[in-house]
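Counting with this note's numbering, you get residues 1005 to 2063 for the letters of the sequence shown.
In this text, a Cβ means the ideal position worked out from N, Cα and C, and glycines have one as well.
Model, not experiment: these values are computed from the prediction.
Comments concern the structure below.
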Amino acid sequence: MPEEKASFKQKREFLKNYTPFSSLSNNLLKKIASRLQVHHYGVGQIICERGKAGNSLYIIHTGSLTEILSDSSGEEITIAILREGNCFGTISLLTDEPYLATIKVKEDVELYVLYKNDIEELIRTNPVLSTYLNRIVSMRIKTFLDFFEKEKIKIVEGLEDRLEKERKLDVINRVTKLFSLDGDISKTLSMVVKEVNQEMRANACSIYLLDTISNNLILEAAVGFDHKAIKNIKMQLDEGITGWVVRNCHPVALEDVHTDPRVRFISEIHEDRMSSILSVPLGDKKDVIGAINIQTISKRKYTYEDIRGLTILANHITLAISHARLKRRMQIVEQVKGKKDVKKLGFVGKGRYIDKINSFVDTVATHDEPVLISGEDGTGKIPMSKIIHYKGKRYKGPFVEVDCRSIGKDSWGEELFGRERISYVISCDDAIKKDLQDRESSEKGIEIEDIATRLGYIELADSGTVFLNHVGTLNQANQIKLLNYLQGGRFNRVNGSDTIYSNTRIVASVSEDIAISIEKGRFDKTLYNTLGKNFFHLKALRNQKRSIPMLTKDFLEKISKEQHKDVRNVSENAMGRLMSYDWPGNVSELEDVLKRAVSLAKSDTITTEQIFFGIPKEEKKWSFNILSLDKVKEFLKSRFYPLGLQVLSSAFLIITLCVLFMGHKDGLLNFANVFIWSAGFFFIYLSTLVSGRIFCGICPFAAVGDWIQRLKSFNLQIPKVLITYGRYITIGLILLVFWFEGVTTMPRSSALTAFLIIFILSGAMISGFLFERRVWCRYACPLGGMLGIYSLSSVTSLKANRSVCLNQCETHDCYLGTRLIKGCPMFLHPYGLESNKDCVLCMNCYKNCGYSSIRVDLQVPGSDIGDMSNRSLPDALLSLSLLGVLLVEYGSLLSIDSQWFQSIYNFFAINQTVLFTLIFIFVLTAPFASIGLIDYLCSGFSFTRTKERMADFGYAAIPLALMGHLAFYWDKLKANFWRMFETANIYKAGKIDNEFSTITDRISSISSFELLTILLGFVGSVYFFYLISKKTRHVLTKSTIAGYFTVFAIFALIYIYIL
């Protein structure tokens, strides 16, 4: 112990003698000295290597070090000698940038080392330390700049000619002074190229810098060229001589540039009159930042001295540019840290709700009472807590964010409240006496200091704010300790008896309904009463979409600065997509989407092609990628899919229309009409169960629209009304078609069936003529919309490997298309697909993807619904309505020609169309109205909760509705099987062949198939309900569950009765 105390005192006294530690308080010096580790290094050892990241601050106690750079030829240049008291490693530690130079031991050294986690903890408790660390950074930068003055003699000592040496020293001195000036780096580089051009006796000089985002070389400064010829010059790596030099980090000297095959385009040499070129990389292989070129009009053979001289200048320029960039980054950091204009702090958005948030923040910022914030993840709880902190009087104190989910369930509070030092005493019992024979007999035990004292977050954040995110996940022990602290401002560390006082403000958040947490006993009611005195619930972004434009503008400004781009605008169509999306990830997801869009943007405006939605999901356990089968892969890659199938379906459509118009007017005697309303719809519905919207992929309506688009299309932008209200239009058309089918008994009229086909065909043709891709199919088609809903129960699903899409793909050909194959016709990116509701399985994305990201999985039915994070109330209501629609379809229980309908008609004696419309509305609304009423009564009369639950659990009706339609049309197929052959004149009634008789009898006898289908639909709805309940946070009572299941059971029984 005496030796440890002496060592501690030695460290503290040593620090007192050197800047900037000499300015620190004695108490802070003690804390720093207690965390210093001692390291020893021998001569020649490398402590820090250029280009590698660092995580420590080094202080030289004894010995010396050299700071060196290596030029492109591998020679080492000494920047500075570091001696006792010097510090290094600070720049990399604070900026997360790699080391700018290599540090090598010159004389055996002893270093005091302070690790990153210790520094961060010290800064949290003592914010003033960050100011002194910034001084160290400034001192290090000054060392680099002093290098130009102190070491310039050594750079040219190999030159024999004294006048040449002085001339080179003079140009180095002039270049160095240019970089020491404050101002725009581009202007500085313009002056540098003039000096270099004059020094190297060239006719032209240029500097290219590498843009790390686009990976292009950009001409930053040039002299000696026509300004029109060099305007906006860019080239990719490997393009031309300069690209080769930067890629290989090796200088190139050419006497005649026109004879070199690496010159691929005239823009590199700018003008034909330039003959020779000398190009030298800026930086080394680990960190090349560009190249500097000199050129002459006449042919010139460059000497070793020319190459060496320009290389030396290039090293100086590289170092100066790196310093200028670092200085700029530090200025940005300081600007962010120094933003104390609290009047401007607040939530971005528009409307009363945003005003209410800012008003609440302004109010709670004036006092120190605890605050509780609730809301979904990503709604802005963390930013809100920071604004409260920085608007209050504690803004100079630390702000500490704690994710309570990371605190273990068995924790006793050491994370929040700290832990006292534990000392163990091991008695000298019989088991260890043999090992202690040499010790004195009076010795009673061995004291071991096993666990040191640890300070908790609340103690570390004294005079500041602690934000407890997801506070509801804390166990009871932590909740009780937190409550005691809030009530008295004091606490005890774990295993400690001393009372600790702290002046830390608590701001907490919960992501779920706090009342439910209290009801289930997960959250202490007294703690809630204490925190909830200042309570605010943040709405989900989908409920405040009017704020999206302002949020987008604010995020673009921030992201553009981060990515060094100037993207400030969003196209009208792109904004429409942002406004129509429901944002399950809320504001955080909006920021992520915009980050991707900015990185992909090719101009200052974001377009729809750069906006991809989707939250990464885990890969499903029970799935099989059918694209792993060679035969399937070969078929889907061929031209026959989908083009060949589209040709066949289009030919079938033409024949069908001809038969409908030219055949028998009575639909029951027209082969095409009977086929459509029996076998046709049966196989269409069956296809959705097996392979989603594959019918839409080979659909003749869409195919005709595509062909018209190839011939002539205006490619207009999608109307905003379609983007915003397209789903409502689709649902309206679906219900309108069902109503029209019932009120006109359409299956009995060949002409009406033909007109329905022409209506859908016209929509596809007009869409193809006016707009790009398949606008009709995506936003309006009633047939596609209904199949999209039913495809959610499909056993097939197309997905993309989102990791590949994000980290490898740069072209996004799956969405944009290629020269041979168009992009996605439905305006979808596989990255953002959560379900196959809109995907038509045309497989264009699969054919265009060069990264094997696309997969088509066989999965458990309903997996898509369980994984959806963007379930909507309109689609849920449509799913429930489809249960009732089946009751009024032609030939069903309440169709116009049914006995039930005629009895009602005779009883009320009102207009038949009006009566059918009333019945149609009744059966349409009955499923969701009955479920909504039951849920409302069982959920404590909360309309909001009922609506939220119905938006999720309404999808559970899909399997029953789909299987009901399958059973219904199977029944029609049985009844009309013989009629199809009779109307096609294949046989006449009364002269039935034995073979046809056998087939007919066999089909007519399969009533058990219909029963099984309906039962499977009911079981499927119950299973879907279970899946959705697992993926959502709704609290379901037995009465609520019983209400849903009762409605499903009633409709299942009605279906059985009908059939």
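Beta-carbon proximity of residue 996 to residue 1938, cut-off 8 Å = Coverage of the chain is limited to positions 1005 through 2063, which leaves residue 996 absent and any answer about it impossible.
Are the Cβ atoms of residue 2062 and residue 1897 separated by less than 8 Å?
-> yes
Residues that residue 1262 bridges to, as DSSP identifies them | Looking at the DSSP assignment, residue 1262 forms no beta bridge with any residue, so it has no partner.
Exposed or buried, residue 1365, counting other C-beta atoms within 10 Å across all chains shown (16 or more means buried)?
-> buried
State the DSSP-derived secondary structure class of residue 1230, mapped to helix, strand or coil.
-> coil
Within the chosen definition, does the region 1691–1700 reach the region 1736–1743 through at least 3 CB pairs nearer than 8 Å?
-> no
Where the beta strand (DSSP E) containing residue 1299 begins and where it ends = 1294–1300
Decide yes or no for the touch test of the region 1748–1757 against the region 1793–1804: beta carbon pairs closer than 8 Å, at least 3 of them.
-> no
Please work out which residues of its chain come closer than 6 Å, Cβ to Cβ, to residue 1794, disregarding the five sequence neighbours upstream and downstream, and give them in chain order.
-> 1692 and 1966
Taking the CB atoms as reference points, tell me whether residue 1405 and residue 1386 lie closer together than 8 Å.
-> yes
For residue 2114, the nearest candidate out of 1295, 1319, 1699 and 1257 (CA to CA) = Limits of the chain in this structure are 1005 at one end and 2063 at the other, which puts residue 2114 out of reach.
Counting only runs of 3+ residues fully inside the region 1459–1536, write out the beta strand (DSSP E) ranges in chain order.
-> 1469–1473, 1494–1496, 1503–1505 and 1509–1514
Residues near residue 1240 by beta carbon distance below 6 Å, same chain, minus five either side = 1220
Nearest-angstrom Cα distance between residue 1503 and residue 1495?
-> 6 Å
So what's residue 1818 in DSSP terms, helix, strand or just coil?
-> helix
Work out the CA separation of residue 2037 and residue 2022 for me, nearest whole Å.
-> 24 Å
In chain order, what residues of the same chain lie with their CB nearer than 7 Å to the CB of residue 1019, ignoring the 5 residues before and after it?
-> 1025, 1033, 1036 and 1037
Buried/exposed call for residue 1841, threshold 16 Cβ in 10 Å | buried
Using CA coordinates, which residue listed in 1917, 1910, 1868 and 1923 is at the minimum distance from residue 1890?
-> 1923
Taking the DSSP output, what are the residues bridged to residue 1285?
-> 1295
Tell me whether residue 1677 is buried or exposed, calling it buried when 16 or more other Cβ atoms sit within 10 Å of its Cβ.
-> buried
Near residue 1669, what residues of its chain come up, given a Cβ to Cβ distance below 7 Å and the 5 sequence neighbours on each side ignored?
-> 1754 and 1755
Does the count of Cβ pairs from the region 1718–1725 and the region 1655–1674 closer than 8 Å reach three?
-> no
Where the beta strand (DSSP E) through residue 993 begins and ends | One cannot answer for residue 993 here, as it falls past the ends of the chain, which runs 1005 to 2063.
N- and C-terminal bounds of the beta strand (DSSP E) containing residue 1975 = It is not in any beta strand (DSSP E) - residue 1975 instead sits in the alpha helix (DSSP H) that spans 1962–1987.
Taking all protein chains shown into account, decide if residue 1913 is buried (16 or more other Cβ within 10 angstroms of its Cβ) or exposed.
-> exposed
When DSSP builds the beta bridges, which residues end up paired with residue 1113?
-> 1045
Could you tell me whether the region 1809–1824 touches the region 1778–1793, using the rule of 3 or more Cβ pairs below 8 Å?
-> no
Have a look at residue 1906 and residue 1895 and give me their C-alpha separation to the nearest angstrom.
-> 13 Å
For the beta strand (DSSP E) that residue 1629 lies in, which residues bound it at each end?
-> 1627–1629
How is residue 1615 classed by DSSP in three states: helix, strand or coil?
-> coil
Can you tell me whether residue 1633 is buried or exposed, with buried defined as 16 or more other CB within 10 angstroms of its CB?
-> exposed
Using alpha carbons as the reference points, say which of 1714, 1546, 1835 and 1826 lies closest to residue 1812.
-> 1835
Just tell me which of 1371, 1471, 1354 and 1392 has its CA closest to the CA of residue 1407.
-> 1471
Coarse secondary structure for residue 1092, derived from DSSP in three states = strand
Return helix, strand or coil for residue 1805, following the three-state DSSP convention.
-> coil
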